[in-house]
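Here's the structure, in structure tokens; my notes come after.
Residue numbers (full-length UniProt numbering): 1 to 467.
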């Protein structure tokens with residue numbers, strides 16, 4: 001049996017995060033460009049003019065007088081510091097035309113999609129900070145998705161398509177950019193994902209608070225095919241993955257083939273949400289060289305969550321998770337290679353004359369449907385590989401099922417190491433299709449003391465389970 005890897009923090013963590021930040025003494029006030037702060041008058045053009053003017057002068061700080069600014073998509077430029085101070089709210093206008101479509105990546109594939117409220121596209125040396133609020137005003141997009149999913153798509157067997165067909169507005173996107181800092185701001189009510197860091201490197205997210213994300217797909221912070229990213233001191237309450245690492249899905253993700261790597265996530269708190277820290281399900285480009293340290297979770301649905309599907313491919317490896325505290329997390333440790341089949345696997349309806357209303361009358365299916373339908377060949381290229389993952393110094397209390405792991409008969413989840421893990425819950429759980437798992441000083445407590453169930457596995461150690 002393979003020995004567990006070292007729990008020493010690797011030297012590369014000192015190199016993550018933004019290396020520079022805007023330092024110009026130049027500053028502009030958006031109100032001098034005509035931006036109204038009454039929360040009713042659209043201020044997009046005036047704010048954007050302030051940003052562009054500041055950038056043309058070589059960069060500097062864009063500031064706001066106290067008040068609420070109703071705005072559509074804003075595009076930051078290199079060497080700009082957008083400062084949202086206490087008493088300032090940027091409020092997203094509920095008008096889809098205010099968010100022009102552009103090429104991006106959504107849920108693992110490249111496609112056209114509405115701009116975010118705050119966009120950093122192809123820029124460098126950018127900062128967003130302050131103790132003010134950036135409010136996504138997301139209810140109309142939450143309701144749009146619920147209607148499309150439950151009334152129009154699921155009855156037609158199209159659960160896999162609705163996330164892509166239902167365009168919703170993200171709150172803050174960093175795309176193809178470097179040396180970006182997001183600091184202290186309060187982000188709330190995102191229409192879709194809250195923060196997405198995609199195809200970018202040397203990014204810091206520090207001290208951000210995310211609240212009131214009760215709508216679907218309102219992920220907290222998504223790190224997507226990016227590297228040298230630091231996320232620390234954040235407090236996240238949402239209705240999907242709180243912190244998530246992604247790297248593309250299926251055919252398109254394998255085509256792009258860009259990993260997420262050299263990521264350090266530390267000292268964060270998660271509350272409501274689907275996963276404290278999720279790896280996947282978009283794993284096609286690979287996720288590796290990740291350190292997660294000193295995080296706390298209160299009531300998050302799942303804890304350390306590793307998920308993928310049989311068409312994703314890619315891998316999750318070289319992951320070190322230290323010093324995690326989870327209270328009232330129903331399933332603290334989750335591994336699966338066959339996640340959410342009705343979403344993960346594309347099946348066209350037999351009757352293409354009975355499409356959802358938004359597609360009725362079209363002479364061809366959307367481009368992204370064809371991308372999602374493109375098979376991964378050979379099929380075994382789609383089998384993800386989860387290995388070399390160490391979880392050390394973790395506690396969990398109030399669980400329902402402490403550990404659940406389901407690999408594939410063709411691809412076991414292997415070389416997983418638990419060290420100094422203490423957990424209590426209703427049941428110990430189960431490992432299926434595992435190989436070479438070690439358990440050092442791992443103790444589970446359940447009402448019955450029934451052992452962890454281990455099936456179809458090889459060289460898998462069991463934790464001590466007591467009453």
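All C-beta atoms in this analysis are idealised placements derived from N, C-alpha and C, irrespective of residue type, glycine included.
Go to residue i, then tell me how far its beta strand (DSSP E) extends in each direction, as first and last residue.
i, result
"residue 341", "Here residue 341 belongs to no beta strand (DSSP E); instead the alpha helix (DSSP H) covers 341-344."
"residue 469", "There is simply no residue 469 to check, as the chain begins at 1 and stops at 467 in what is shown."
"residue 242", "241-246"
"residue 325", "315-327"
"residue 280", "That residue, residue 280, is in no beta strand (DSSP E); it is neither H nor E in DSSP."
"residue 455", "453-455"
"residue 298", "296-298"
Please classify residue i as buried or exposed, where buried requires at least 16 neighbouring CB atoms within 10 angstroms.
i, result
"residue 162", "buried"
"residue 3", "Only weak support is given to the placement of residue 3: the predicted model assigns it a pLDDT of 47, under 50, and the value that follows is read from those uncertain coordinates. Residue 3 is exposed by the Cβ-count criterion."
"residue 18", "buried"
"residue 77", "buried"
"residue 310", "buried"
"residue 101", "exposed"
"residue 384", "buried"
"residue 340", "exposed"
"residue 324", "buried"
"residue 459", "exposed"
"residue 1", "With a pLDDT of only 46 at residue 1, under 50, the local geometry of the prediction cannot be trusted, and the value read off the model is given with reservation. So residue 1 counts as exposed."
"residue 281", "buried"
"residue 25", "exposed"
"residue 449", "exposed"
"residue 121", "buried"
"residue 150", "exposed"
"residue 108", "buried"
Over the uninterrupted alpha helix (DSSP H) stretch that includes residue i, give me the two end residues.
i, result
"residue 92", "That residue, residue 92, is in no alpha helix (DSSP H); its beta strand (DSSP E) goes 88-92."
"residue 143", "139-147"
"residue 48", "44-56"
"residue 290", "Careful: residue 290 lies outside any alpha helix (DSSP H), inside the beta strand (DSSP E) at 287-293."
"residue 23", "Unbroken run through residue 23: none, as it is neither H nor E."
"residue 67", "Counting along the chain, residue 67 falls outside any alpha helix (DSSP H), though it belongs to the beta strand (DSSP E) covering 67-71."
"residue 256", "250-256"
Which one or two residues does DSSP pair with residue i in a beta bridge?
i, result
"residue 473", "Since the displayed the chain opens at 1 and closes at 467, residue 473 lies outside it and no answer follows."
"residue 437", "416, 460"
"residue 333", "304, 403"
"residue 33", "For residue 33, which the question treats as bridged, DSSP gives no partner whatsoever."
"residue 227", "201, 261"
"residue 60", "80"
"residue 127", "81, 181"
"residue 119", "75, 173"
Segment contact, 8 angstroms Cβ cut-off, at least three pairs: the stretch 171-178 with the stretch 371-384: no
Stretch pair the stretch 101-112 + the stretch 33-50: three plus CB contacts closer than 8 angstroms: no
Every unbroken alpha helix (DSSP H) within the stretch 145-219, with a cutoff of 4 residues, ordered by chain: 159-165
Touch test, the stretch 428-442 against the stretch 409-419, Cβ-Cβ under 8 angstroms, three pairs minimum: yes
Three or more C-beta pairs below 8 angstroms linking the stretch 234-248 and the stretch 260-279: yes
Validate contact between the stretch 66-82 and the stretch 40-47 using beta carbons, cut 8 angstroms, 3 pairs: yes
Sufficient close CB pairs (3 or more, under 8 angstroms) joining the stretch 89-98 to the stretch 226-236: no
Given 8 angstroms, three or more beta-carbon pairs between the stretch 245-260 and the stretch 217-226: yes
At least 3 beta-carbon pairs within less than 8 angstroms: the stretch 336-356 vs the stretch 393-401: no
Validate contact between the stretch 300-310 and the stretch 330-340 using beta carbons, cut 8 angstroms, 3 pairs: yes
Sufficient close CB pairs (3 or more, under 8 angstroms) joining the stretch 190-210 to the stretch 148-158: no
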